[in-house]
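Take 5 as the starting number for the sequence shown in the numbering used here and just add one per residue. Glycine residues also receive a C-beta, built at the ideal position from the N, C-alpha and C atoms.
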Amino acid sequence: MSQFTKRTHTCGELTAKQAGQTATLNGWLDNVRDLGAMAFFVIRDFYGVTQAVASTPALLAKVRSIPIESTIAVTGAVVPRESPNPRLPTGEIELIPGDPDDIEPLSLCLEQLPFDISQSRDSREDLRLKYRFLDLRNPVNQSKIVLRSRVIDSIRRHMRSQGFLEIQTPILTNSSPEGARDYIVPSRVHPGKFYALPQAPQQYKQLLMVSGFDRYFQIAPCFRDEDARADRSPGEFYQLDMEMAFAGQEDVFAAIEPVLYEVFRENTAFDVTLPPFPRIPYAKALSKYGSDKPDLRNPLIIEDVTALFADGAPPFFQGRQIRAIAVDRFTKTRKFFDTLGAYVKEQGGSNAYWFRLDDSGAVSGGIANALLACPQSVRAGLISMLGLQPGAAVVLLAEDKETITRLSAVVRSEMGRQLGLIKEDQFKFCWIVDFPMYEKDEETGAIAFGHNPFSMPQGGLEALNTKDPLDILAYQYDIVCNGVELSSGAVRNYDPATMVKAFEIAGYGQEVVASKFPALYNAFRYGAPPHAGVAPGVDRIVMLLAGEPNIREVIAFPMNKSAQEPMMGSPAEVTEKQLRETHIQLRRAEPAPLAQPT
5 MSQFTKRTHT
15 CGELTAKQAG
25 QTATLNGWLD
35 NVRDLGAMAF
45 FVIRDFYGVT
55 QAVASTPALL
65 AKVRSIPIES
75 TIAVTGAVVP
85 RESPNPRLPT
95 GEIELIPGDP
105 DDIEPLSLCL
115 EQLPFDISQS
125 RDSREDLRLK
135 YRFLDLRNPV
145 NQSKIVLRSR
155 VIDSIRRHMR
165 SQGFLEIQTP
175 ILTNSSPEGA
185 RDYIVPSRVH
195 PGKFYALPQA
205 PQQYKQLLMV
215 SGFDRYFQIA
225 PCFRDEDARA
235 DRSPGEFYQL
245 DMEMAFAGQE
255 DVFAAIEPVL
265 YEVFRENTAF
275 DVTLPPFPRI
285 PYAKALSKYG
295 SDKPDLRNPL
305 IIEDVTALFA
315 DGAPPFFQGR
325 QIRAIAVDRF
335 TKTRKFFDTL
345 GAYVKEQGGS
355 NAYWFRLDDS
365 GAVSGGIANA
375 LLACPQSVRA
385 GLISMLGLQP
395 GAAVVLLAED
405 KETITRLSAV
415 VRSEMGRQLG
425 LIKEDQFKFC
435 WIVDFPMYEK
445 DEETGAIAFG
455 HNPFSMPQGG
465 LEALNTKDPL
475 DILAYQYDIV
485 CNGVELSSGA
495 VRNYDPATMV
505 KAFEIAGYGQ
515 EVVASKFPAL
525 YNAFRYGAPP
535 HAGVAPGVDR
545 IVMLLAGEPN
555 IREVIAFPMN
565 KSAQEPMMGS
575 PAEVTEKQLR
585 ETHIQLRRAE
595 PAPLAQPT
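This is the structure in structure tokens:
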């Protein structure tokens with residue numbers, strides 16, 4: 005239908021102020037409550053809902069002839085409701101059409117709905133993604149995409165206010181070893197050659213600094229062929245990519261902290277960490293929280309008490325790493341520890357050992373007898389190190405070195421959850437700093453980059469030449485909020501000699517650096533400014549603000565866990581003509597040979 009009666013108001017706009025006026029609404033037929041002699045029907049658009057009433061036989065027949073979720077135009081008188089609904093912005097009024105022509109079908113819903121729009125979130129995810137255009141009609145789902153738009157607008161405003169220039173970088177680029185598998189694109193013009201979609205604009209943003217730009221940012225699409233997680237969408241994601249020339253680590257922190265603070269403050273009623281955000285060294289994060297992504301809403305702290313048992317330990321502690329988590333004013337029963345012990349075993353640990361301090365400050369319960377058999381210095385050391393007061397309880401974990409850090413982290417989180425200690429109405433930011441430059445490959449034992457190969461080592465070239473590689477720290481940093489890593493960043497290694505040496509330690513010769521990263525390596529030979537940057541993930545920011553544990557809920561048209569987009573049917577086969585144009589011949593998997601009869 006090329007001509008239709010256009011709306012005078014949206015479905016979320018009419019109030020008692022418009023009573024007595026005539027209005028036209030355009031929207032979807034949301035639902036009908038048919039009482040026989042009259043029917044209440046609701047029109048829904050992006051802005052809200054408005055109730056209308058059909059009370060004549062002709063009007064009733066017209067409403068009954070229109071399927072739910074059809075689009076309609078309704079013209080009528082705005083009248084006060086006899087029973088107002090205070091929960092709706094339009095709950096004071098209703099629309100009364102005069103004759104059947106005032107209800108105009110625009111586009112009928114011709115198919116049976118796969119789910120009730122208002123209850124779509126209760127449907128299977130594969131069905132929701134296949135009919136995502138229906139799923140997004142649900143106002144709850146729509147609100148996540150609206151929030152995403154507001155967040156991106158806020159990011160842009162605050163970045164520009166600090167003098168950052170938004171610059172787009174290429175989508176078709178070359179493949180480079182950046183940690184994940186590339187999505188590759190065949191070239192029609194250059195047979196046998198391929199573009200790659202950028203895993204991140206890492207090299208381009210550094211080249212912009214070498215080009216003389218001072219402060220760059222963009223809302224950058226990034227493409228990585230990696231498996232899905234609850235906080236990671238397969239295929240593509242977006243990040244606030246930024247870089248600064250003649251800058252170091254603290255300059256980046258000072259620039260991005262106000263942006264993140266304002267973006268969160270504008271989009272939540274929760275308390276947000278005020279800048280400057282806490283800086284936690286990587287080693288301390290592992291020691292005190294068991295993770296380099298600590299949730300600071302949880303006040304529990306892990307303490308390494310292994311050394312306290314050097315002069316005497318219970319048999320179940322001997323030869324193990326021991327960690328303690330103390331809880332003040334503990335009021336739970338023995339059942340809490342039994343449940344926690346079962347959880348530890350589910351997580352691959354031995355047990356959750358525990359004791360309490362009674363009202364007199366004496367050790368009691370749990371492994372109290374085993375501790376009383378230890379030297380008195382052990383008990384005194386525990387009380388002193390953990391700052392224990394009467395009424396406190398302590399959970400101890402005793403595991404091998406490979407298990408203890410991971411297990412401590414999950415037990416800390418579980419205890420915080422069970423004890424109700426996690427402050428759900430806060431966004432707690434922190435920086436994790438001083439990452440190791442290198443680590444030992446668990447399978448080969450070889451030295452490998454621990455984080456970002458383009459990072460500047462602390463101590464520069466001298467540290468690379470004189471220190472044990474495993475003792476070298478890097479100017480690398482992560483920003484974490486409520487236990488979610490939002491971003492990694494680094495001060496860049498802009499000196500060719502330092503870069504070559506850094507890669508050499510990791511087993512790559514100069515020729516590898518020059519061939520794998522030719523543009524960056526070459527550009528640095530023409531005078532590069534010291535520069536640094538960071539790239540917070542937009543999807544994860546929106547996920548946190550929306551309170552959504554599943555990142556796919558904050559993406560308009562996400563892929564499923566298998567990197568498929570069911571609505572469009574991607575990935576899909578292409579025609580033989582397209583394959584020939586791009587000089588590709590498919591190699592089909594050979595079927596397994598049939599077993600020979602014996």
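Residue nearest to residue 457 within the set 425, 525, 466 and 472 is 525 (criterion: CA-CA distance).
Take the alpha-carbon of residue 328 and the one of residue 400: they are about 4 Å apart.
Inside the segment 467 to 530, DSSP marks whole beta strand (DSSP E) runs of 3 or more residues at positions 480 to 485 and 488 to 495, from first to last along the chain. In chain order, 249 place their CB closer than 6 Å to the CB of residue 218, counting only its own chain and leaving out the 5 sequence neighbours on each side.
When 133, 477 and 104 are compared, the shortest CA-CA separation from residue 69 is found for 104.
Around the beta carbon of residue 78, 16 or more other beta carbons lie within 10 angstroms, which makes this residue buried.
DSSP places residue 346 inside the alpha helix (DSSP H), whose first and last residues are 338 to 350. Put simply, the backbone Cα of residue 476 is about 21 Å away from that of residue 297. Annotation: the continuous beta strand (DSSP E) that includes residue 442 extends over 442 to 444. Excluding the 5 residues flanking it on each side, residue 453 has same chain C-beta neighbours closer than 7 Å at 442 and 510, in chain order. Contact between the segment 20 to 36 and the segment 83 to 99 is present: 3 or more CB-CB pairs across the two stretches fall below 8 Å. Residue environment: residue 363 is assigned as exposed (fewer than 16 neighbouring CB atoms within 10 Å of its CB, all protein chains considered). Under DSSP, residue 401 forms a beta bridge with 327. With fewer than 16 neighbouring CB atoms inside 10 Å of its own CB, residue 216 falls in the exposed class. In the three-state scheme derived from DSSP, where H, G and I count as helix and E and B as strand, residue 248 is classed as strand.
Our two residues, residue 122 and residue 140, have alpha carbons roughly 10 Å apart in a direct line. A direct Cα-to-Cα measurement between residue 29 and residue 36 gives close to 16 Å. Bridge partners of residue 451 according to DSSP: 444. DSSP places residue 178 outside both helix and strand once states are collapsed to three, so it counts as coil. Note on geometry: alpha-carbon atoms of residue 88 and residue 55 lie some 11 Å from one another. Nearest Cα to residue 395 within the set 268, 278, 407 and 366: 366.
Relative to residue 588, the option among 191, 483 and 484 whose CA is nearest is 191. Note on residue 469: under 16 other CB atoms within 10 angstroms of its CB, so exposed under the neighbour-count rule. Nearest neighbour of residue 173 by Cα position, chosen from 221, 184 and 129, turns out to be 221. A Cβ-Cβ distance of about 4 Å is found for the pair residue 243 and residue 539, placing them in contact under the 8 Å criterion. A direct Cα-Cα distance of roughly 9 Å separates residue 512 from residue 506. CA-CA distance, residue 404 to residue 295, rounds to 17 Å.
The alpha helix (DSSP H) runs lying completely inside the segment 274 to 328 and spanning 4 residues or more are 286 to 293, given in chain order. Ranked by Cα distance from residue 253, the first of 496, 523 and 142 is 496. Assignment of residue 216 by DSSP, reduced to helix, strand and coil, places it in the coil class. Secondary structure in the segment 133 to 214: the beta strand (DSSP E) runs of 3 residues or longer, each lying completely within the stretch, are 188 to 190 and 198 to 200 in chain order.
C-alpha of residue 334 to C-alpha of residue 324: approximately 27 Å in a straight line. In this structure, 239 is the residue among 239, 377 and 67 with its C-alpha nearest to the C-alpha of residue 568. Under the DSSP definition of a beta bridge, residue 535 partners with 249. Relative to the Cα of residue 8, the nearest Cα in the group 75, 34 and 25 belongs to 75. If only uninterrupted alpha helix (DSSP H) runs of at least 4 residues are considered, those enclosed by the segment 534 to 564 are 542 to 550.
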